[in-house]
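**Student:** Got a structure here, written out as structure tokens. Questions coming.
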Amino acid sequence: MAATDGGASGGSGEDAFQTYYSEVKQIEKRDSVLTSKQQIDRLLRPGASYFNLNPFEVLQIDPEATDEELKKRFRQLSILVHPDKNQDDPNRAQLAFEAVDKAYKMLLESEQKKKALDVIHAGKEYVEHMMVQKKKQLKKDGKPSVVEEDDPELFRQAVYKQTMKLFAELEIKRKEREAKDMHERKRQREEEIETQERAKREREWQKNFEVHLKHELLRTIWFHSGGKMDVFFLSLLGDP
1 MAATDGGASG GSGEDAFQTY YSEVKQIEKR DSVLTSKQQI DRLLRPGASY FNLNPFEVLQ
61 IDPEATDEEL KKRFRQLSIL VHPDKNQDDP NRAQLAFEAV DKAYKMLLES EQKKKALDVI
121 HAGKEYVEHM MVQKKKQLKK DGKPSVVEED DPELFRQAVY KQTMKLFAEL EIKRKEREAK
181 DMHERKRQRE EEIETQERAK REREWQKNFE VHLKHELLRT IWFHSGGKMD VFFLSLLGDP
């Protein structure tokens, strides 16, 4: 019985995902025909610094798209938001173009593309896992095992939100590591400068000390010679 329930839950989750996937494709198709201004507004909307972390979201393209489809989509979108095509708003167009260009270059690098796909898959798996846990708890409580994510639209929203959250968390961690590395490099550089300055001070002190000793020696010799010093001896001492 338990196995049957588990299978039903799994099937329900898979059905929800298939519906979600179909709706995402429809949304991508709808949004792909946005005007230049609408695309610029989308790419620069509030929170864009986090929304645009997902390169597939930026390009509005299926994560399973081929390289040729990716290239075609980049051309379409880059032309739409290019500053030359939006001379009434060149600054914002430039920012939007840079976001598109960055996303495209990320997906050209296999390692970067894999990381993005891993985040997307992790977001979906997390939502599916939470659905299973909720259903188990509802069943334990003697309630119908129906959760809001069974609705394809709510499932899509949950996956989208979780994916954005994961991208944001990774970006925050990356910035923290970057700041930490920068601080460490700065600390090491300051230590190097301090070591160099200390060595310089020691060399100057040693030089001054030797000059002082030489002067003292000259005064002593002068005093004991009654003001008469051998020229050769003075030449050995060198210039005070």
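Heads up: the sequence shown is residues 1 to 240, going by UniProt numbering. Positions of the beta carbon are idealized from the N, C-alpha and C atoms, including for glycine.
(1) Across the segment 97-113 and the segment 49-61, are there enough close Cβ pairs to call them in contact, namely three or more that are closer than 8 angstroms?
(2) Between K124, K135 and Q76, which lies nearest to residue 256 when the distance is taken from Cα to Cα?
(3) Label R156 either buried or exposed according to how many other C-beta atoms from any shown protein chain fall within 10 Å of its C-beta, with 16 as the threshold for buried.
(4) Quick one: using the 10 Å Cβ neighbour count with 16 as the cut-off for buried, is N54 buried or exposed?
(5) According to DSSP, simplified to helix, strand and coil, what is D89?
(6) Between K71, E69, Y50 and S78, which has its C-alpha nearest T35's C-alpha?
(7) What residue range does the alpha helix (DSSP H) around L117 cover?
(8) Would you say I40 and A99 are within 7 angstroms of each other, going by their C-beta atoms?
(9) Between the alpha carbons of V119 and E109, how many angstroms are there, rounded?
(10) According to the neighbour-count rule (16 or more other Cβ atoms, all chains shown, within 10 Å of its Cβ), is M131 buried or exposed?
(11) Roughly how many angstroms lie between the CA atoms of N91 and R45, to the nearest whole one?
(12) Given a cut-off of 7 angstroms, decide if L43 and A96 are closer than it, judged by their beta-carbon atoms.
(13) Distance check for E194 and A65, CA to CA, integer angstroms please.
(14) On a CA-only basis, which of Q38, F51 and P144 is nearest K161? Give me that one, please.
(15) For T220, does the count of other Cβ atoms within 10 angstroms reach 16, so buried, or fall short, so exposed?
**Tutor:** On the basis of the coordinates in this document:
(1) Yes, the segment 97-113 is in contact with the segment 49-61.
(2) Nothing about residue 256 can be read from this structure; the chain reaches only from 1 to 240.
(3) Numbered from 1 along the sequence shown, position 156 holds the residue referred to as residue 156. So R156 counts as buried.
(4) In the sequence shown, counting from the first residue as 1, residue 54 sits at position 54. By the 10 Å Cβ count, N54 comes out buried.
(5) Translated into positions along the sequence shown, residue 89 becomes position 89. Coil, per DSSP.
(6) The residue given as residue 35 occupies position 35 in the sequence shown. For T35, the nearest C-alpha among the options comes from S78.
(7) Your numbering for residue 117 matches position 117 in the sequence shown. S110 to K140 is the span of the alpha helix (DSSP H), which, as asked, contains L117.
(8) For the purposes of this step, residue 40 is identified with residue 40 of the sequence shown, where counting begins at 1. For the purposes of this step, residue 99 is identified with residue 99 of the sequence shown, where counting begins at 1. No, they are not a contact pair.
(9) Mapped onto the sequence shown, residue 119 falls at position 119. Mapped onto the sequence shown, residue 109 falls at position 109. Cα to Cα, V119 sits roughly 16 angstroms from E109.
(10) To locate residue 131, count along the sequence shown from 1; it is residue 131. So M131 counts as buried.
(11) If you number the sequence shown from 1, residue 91 lands on position 91. If you number the sequence shown from 1, residue 45 lands on position 45. The alpha-carbon atoms of N91 and R45 are separated by roughly 15 angstroms.
(12) Within the sequence shown, the letter at position 96 stands for residue 96. Within the sequence shown, the letter at position 43 stands for residue 43. Yes; because the gap between Cβ atoms is below 7 angstroms, this pair is in contact.
(13) Indexing the sequence shown from 1 puts residue 65 at position 65. Indexing the sequence shown from 1 puts residue 194 at position 194. Whole-angstrom Cα-Cα distance: 55 angstroms.
(14) In the sequence shown, counting from the first residue as 1, residue 161 sits at position 161. The candidate whose alpha carbon is nearest that of K161 is F51.
(15) The residue given as residue 220 occupies position 220 in the sequence shown. Exposed, since its Cβ has fewer than 16 Cβ neighbours within 10 Å.
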